[in-house]
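To keep things clear, I will list the structure first and then write my remarks on it.
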Amino acid sequence: MTTRIGVVTFPGSLDDVDARRAVRLAGGEPVALWHGDKNLHQVDAVVLPGGFSYGDYLRCGAIARFSPVMETVIEQARAGMPVLGICNGFQVLCESHLLPGALTRNDHLHFVCRDQRLRVENTATAWTGDYAEGEEITVPLKNGEGGYVADERTLDELEAEGRVVFRYLDVNPNGSRRDIAGICNEAGNVVGLMPHPEHAVEALTGPTTDGLGFFTSVLKKLVATS
Amino acid sequence: MTLDTVKHASDTPDVEQPWAELGLKRDEYDRIREILGRRPTGAELAMYSVMWSEHCSYKSSKVHLKQFGEKAPESDALLVGIGENAGVVDVGQGYAVTFKVESHNHPSYIEPYQGAATGIGGIVRDILAMGARPVAVMDPLRFGAPDHPDTKRVLPGVVAGIGGYGNCLGLPNIGGEVVFDPCYQGNPLVNALCVGVMRHEDIHLAKASGTGNKVVLYGARTGGDGIGGVSVLASETFDETGPAKRPAVQVGDPFQEKLLIECTLEIFKEKLVVGIQDLGGAGLSCATSELASAGSGGMRVDLDTVPLRDSTLSPEEILMSESQERMCAIVEPDKVDRFLEICEKWDVIATVIGEVTDGDRLEIYWHGEQIVDVPPRTVAHEGPVYHRPYARPEWQDALQADDANKLPRPESGEELREQVLRLVGSPNQASKAWITDQYDRYVLGNTVLAQPEDSGMIRIDEETGLGVAVATDGNGRYAKLDPYTGAQLALAESYRNVATTGAKPLAVTDCLNFGSPEDPGAMWQFAEACRGLADACQVLGTPVTGGNVSLYNQTGDTAIHPTPVVGVLGVIDDVNRRTPMAFSEEGQMIYLLGDTREELGGSAWSQVIHDHLGGMPPKVDLEREKLLAEILISASRDGMIDAAHDLSDGGLIQALTESCLKGGKGARLIVPDGLDAFVFLFSESAGRAIVSVPRSEELRFTDMCGVRGLPATRIGVVDGDAIEVQGRFSIPLTELREAHESTIPALLSDARA
Amino acid sequence: MARVVVDVMLKPEILDPQGQAVQRALPRLGYQGITDVRQGKRFELELEGPVDDAALARVRQLAETFLANTVIEDFTVRVEEDEEVTTA
Amino acid sequence: MARVVVDVMLKPEILDPQGQAVQRALPRLGYQGITDVRQGKRFELELEGPVDDAALARVRQLAETFLANTVIEDFTVRVEEDEEVTTA
Ligand SMILES: Nc1ncnc2c1ncn2[C@@H]1O[C@H](COP(=O)(O)OP(=O)(O)O)[C@@H](O)[C@H]1O
Ligand SMILES: [Mg+2]
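Chains as they are written, first to last, in the numbering used here: chain A, 157 to 382; chain B, 171 to 923; chain C, 4 to 91; chain D, 4 to 91.
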């Protein structure tokens, strides 16, 4: 039986198709989930993709957090289901308080799309097992509100507990505190990051194939625990 | 105020009407009266005035645009030609592609962010209305002097607007242009192109047929925005000090448009529409009259059923409103329920506002009273046609006589070196990454090539690798020197850009940005450009499938350079075979394809070093362009070249610098025999490209060129970390990069986002 | 030191997608009875000198030429007062 | 019908790049004497019923859970009053 990975489509989601493609290329079975449907259709993990859910007019992710599907996702995430939030998905996870902190307007005020080098700082999460500790990867980054902020205490805690999963290298593209590109919850099953691994799964269309590891990691993890 | 019904209009033939304020001429107003056999009602007057505006009726340009059809080359690829929302091209394997470029110049000057954003929104709906899923956008832009304070207002706003709307829609931006010239100071050009993909059987047309079929308006509510926007913004010269006819600018809602796209595609998939039209300029006036005019019968619309954002709007205003993110569909009665259901799923408001009748009139009612009763063709398709006088401007001869080949040239290697650095660091030649990094090029996961490549390339089919490439080009300086040749050069460059990446050019779209048609000189430029473009399309075998005309781009008596922007669409069987521009393998041989002549008229060198514009633009040899394209395509298909980059403004040194910087590799060059180093580096002769050839392929490649008669000169090798022209100068890549990449950020760093 | 507040709102006839997005979400969050939402910008400026007529005139000019785009936005300038209801 | 205004501003300790960008531009525009600029959001809510304590409490709750993200933002709720200085 193949492993089913759900990809939520909110109105305004943009990278849902790409996330499903990435799941498929990694060998999983992508399952499209609809924002208005609480049912997760027996998926083993969930990806909240990039985009501008509900237009992101109020704050990124603020409205999506209240969608029916998120009720179940929040519940399942607390019960240990692997959940990955990419870009807008990361924002939704923060707004849902599944992850601490918030994402704010880029310090230079522009939307930025670039190939971004990252260091993988934690390989114990559900989504990073296939990487080597300290591995440097390059994946696209594209956002207008990607500056990660949290109060000093939270930041210290994240660092102390090894919950900074990815850090920006070379340039900090959005003013994120302590160069943080992605974090996880205490259990390591919920991971959020601003860069887009699902855009780096084919040599033809991405800068690298470094992003595939996210999806192979979770598949392995799920097989191991099932 | 009493409602001006048809009956009331018949009863009160002598009421004064504000036809002049609405931009109509006396004879146009008289013609409306003649068509109707009475005076028009207020609503009818609104419709006619907006539909007969220059922007909607093409009244000044029509007679010249005709050539694109008349001279159109035979093409098996053309599925839908000029006249529809956009042309449709067969790209094989059952796929069809539609693409079109449009202008949003004047609105973008007034409100850069929203003007540019709604420009993207509008062109995307055009593509959607053809039945296609939009898959990419491009944005050819022109701004005033780079250091002018107003450029700092307009450019960041335009770029943020294009990015804000396009990124939020989830459409990759795969290319465009950024050109600075003082001639665009009060008249920036914001052109937007969209590409869409569909299966052949999904092509939809804008026509209302089938008596009893319902007219469904769906998307955003109608508000008071952009009322009269089309006639006021697009047709008249914009003058800050003029009468206080302050236009209501439209504000875009990309999220609403994203929903509209997904909703519409689902509706197409279930085959629920007979005809469909987007609402753009002239809003409901345009959509209803065009649908009815193209269809078989008439149409009845109950205007009071239109969902409003502002309940105080009058029927005339509702007809004129240019509220964004709306579409109008013709739906069979038994499919209406399902149609509305899909709209509801996507949270899109949809309302039946009327139906197709068996008559031949467009009738519009307001709370049961008839306020419009017109033959739709007279509104939509049979507007006025002008044969405006045109004449070659008096200054043209003097301009052409002011030969750029006579300008003082650099002599020493040191001087050459210094001018190279100035050229590649000049605003027009510098890297545009500061701008294009604000655009999402990855979304949808099918972008194979994007800026700064010669053309953008999108994968259409993941299994087979089928893809399309699109490039846009235009050079107002060339066109100013000679509009006929300038238009051909724009086409030639765009065509060459597509072929450089390995795709076969198939079809053309164009946006013709010119001054006032009431000025015979500007009209001559327009006529010449059309003639040039139509003639060249015939030779290259690429029909014009659609486009857009933007006139009145002038401030007072000063017009912009005539600026035909040409987009070319090409197809590639397997995107894995694409040719990128970067030199990435040391030791590969660099070949220059084509002939280099002493051609500096209109060149970047003459502009940057001498602030000069004069002489003749480079010669066009379309047969040579075809041959070059064939060679580039064959070489890509057979794996003979690893990189290619076309030569255009800035000449060889510009192209070489870009290929070297992109790949992070240097090059050693030898000036070919018989050429002067300066001409070799800076001339802008057309029909040329540089390629890098692996040593193992060199013989095969040069043989192919030899057999087919294309000059191919070995000019150097990919090597080191500098560009060295042997015996003349050497510039480290780091120095070139600094010059090339720091200019635009420095100009715009203190501008407000 | 004194605080001057500039509120910038879209003109009433201009579409306000942000406000609409908020309004559409309200029923789902269980809020009834809010018939319209508009979203705009609030600028808080700290002035060095006294907030006299001259200073306010200058702020108004700043608002008109820079903080607001008067083609689509209206603005209001006022000296900060205490709020009736405050929460943080 | 009554209007309630919710102002949402970034907490003082959070970087406000928008406000900073405005402030940086001021000297170029010829404005001196403005020592700090913060940019936030202003929501205008039209309430159907009377603006009593209960209604305000509900708006406050809305602001706290939805209009503001209290991890980074503070908010203020008040009933609209007349402004001292108005320009349009
Ligand atoms: N406004 C823009 N939007 C997107 N891409 C752009 C824009 N301006 C320039 N580009 C891209 O930058 C690259 C270089 O532009 P240009 O020098 O005009 O190319 P060329 O001379 O080959 O036509 C091209 O890939 C072009 O598509
Ligand atoms: Mg090119």
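Don't be surprised by glycine CBs; every beta carbon is placed ideally from N, CA and C. Note that the coordinates shown come from a computational prediction; the quantities given were computed from them, not determined experimentally.
Practice task
Could you spell out the range, first to last residue, of the beta strand (DSSP E) harbouring residue 447(B)?
Solution key: 445 to 448
Practice task
List the residues of chain C that residue 161(A) touches, going by C-beta distances under 7 Å, in chain order.
Solution key: Residues of chain C passing the Cβ test: none, with the nearest at roughly 27 Å.
Exercise for the section: Could you tell me whether the region 241 to 261 of chain B touches the region 202 to 219 of chain B, where touching means 3 or more Cβ pairs closer than 8 Å? Expected result: no
Problem - Residue-level contact to chain D via CB, residue 45(C), 8 Å cutoff - result: yes
Practice task
Express the C-alpha separation of residue 784(B) and residue 349(A) in angstroms, rounding to a whole number.
Solution key: 54 Å
Exercise for the section: Answer yes or no: does any C-beta atom of chain B fall closer than 8 Å to that of residue 298(A)? Expected result: yes
Exercise for the section: Output the distance between the C-alpha atoms of residue 368(A) and residue 384(B), rounded to the nearest integer angstrom. Expected result: 49 Å
Problem - Between the CA atoms of residue 534(B) and residue 525(B) - distance to the nearest angstrom - result: 11 Å
Exercise for the section: Output, in chain order, the set of chain A residues within a Cβ distance shorter than 8 Å of residue 618(B). Expected result: 360 and 361
Handout entry: Three CB pairs or more closer than 8 Å across the region 185 to 194 of chain A and the region 224 to 239 of chain A
Key = yes
Problem - Exposure label - residue 345(A); buried when at least 16 CB within 10 Å - result: buried
Practice task
Give the residues from the region 7 to 40 of chain C that approach chain A closer than 9 Å (Cβ to any Cβ), ordered along the chain.
Solution key: 20, 21, 22, 23, 24, 25, 27, 28, 31 and 32
Problem - Pair within 8 Å by beta-carbon distance, residue 291(B) and residue 626(B) - result: no
Problem - Distance CB(residue 532(B))-CB(residue 469(B)) smaller than 8 Å - result: yes
Practice task
Check whether the Cβ of residue 309(A) lies closer than 8 Å to any Cβ atom in chain D.
Solution key: no
Problem - Contacts of residue 368(A) in chain D (Cβ-Cβ under 7 Å) - result: What residue 368(A) touches in chain D: nothing, since even the nearest Cβ is about 33 Å away.
Practice task
Determine the contact status of residue 360(B) and residue 274(B), defining contact as a CB-CB distance below 8 Å.
Solution key: yes
Exercise for the section: Counting only the same chain and skipping the five closest in sequence on each side, list residues whose C-beta sits under 6 Å from that of residue 861(B). Expected result: 761, 811 and 814
Exercise for the section: Compare the beta carbon distance of residue 333(A) and residue 306(A) with 8 Å and say whether it is the shorter of the two. Expected result: yes
Practice task
Mark residue 869(B) as exposed unless 16 or more other C-beta atoms lie within 10 angstroms of its C-beta, in which case mark it buried.
Solution key: exposed
Handout entry: For residue 733(B), the residue or residues it bridges with in DSSP
Key = 683(B)
Practice task
From the DSSP output, in three-state form, read off residue 383(B) for me.
Solution key: coil
Exercise for the section: Spell out whether any CB of chain D is found under 8 Å from the CB atom of residue 337(A). Expected result: no
Exercise for the section: Take residue 288(A) as the anchor and find which of 277(A), 296(A) and 294(A) has the nearest alpha-carbon. Expected result: 277(A)
Problem - Contact check, residue 639(B) vs residue 679(B), beta carbons under 8 Å - result: no
Practice task
Would you decide whether residue 308(A) is buried or exposed? Buried here means 16 or more other CB atoms lie within 10 Å of its CB.
Solution key: exposed
Practice task
Go ahead and pull the three-state DSSP assignment for residue 667(B).
Solution key: helix
Handout entry: residue 902(B) - containing beta strand (DSSP E), residue span
Key = 899 to 902
Practice task
Kindly confirm or deny that the region 763 to 776 of chain B and the region 568 to 582 of chain B touch, where touching means at least three C-beta pairs closer than 8 Å.
Solution key: yes
Practice task
With a cut-off of 8 Å on the beta carbons, I'd call residue 590(B) and residue 845(B) a contact; round off their distance for me.
Solution key: About 16 Å separates the two Cβ atoms, so there is no contact after all.
Practice task
Closer than 7 Å, Cβ to Cβ, to anything on chain C: give me those residues from the region 217 to 233 of chain A, in chain order.
Solution key: 219 and 222
Handout entry: Local conformation of residue 58(D) per DSSP, three classes
Key = helix
Handout entry: Residues of its chain near residue 378(A), where Cβ-Cβ distance is below 6 Å and the 5 sequence neighbours each way are ignored
Key = 159 and 200
Handout entry: Whole runs of the alpha helix (DSSP H) within the region 232 to 288 of chain B, excluding any shorter than 4 residues
Key = 232 to 240 and 275 to 280
Practice task
Assess, as a yes-or-no matter, whether the region 42 to 52 of chain D is touched by the region 45 to 58 of chain C under the definition of 3 or more beta carbon pairs within less than 8 Å.
Solution key: yes
Exercise for the section: Apply the 10 Å Cβ neighbour rule to residue 240(B) and answer buried if 16 or more other Cβ atoms are within range, or exposed otherwise. Expected result: exposed
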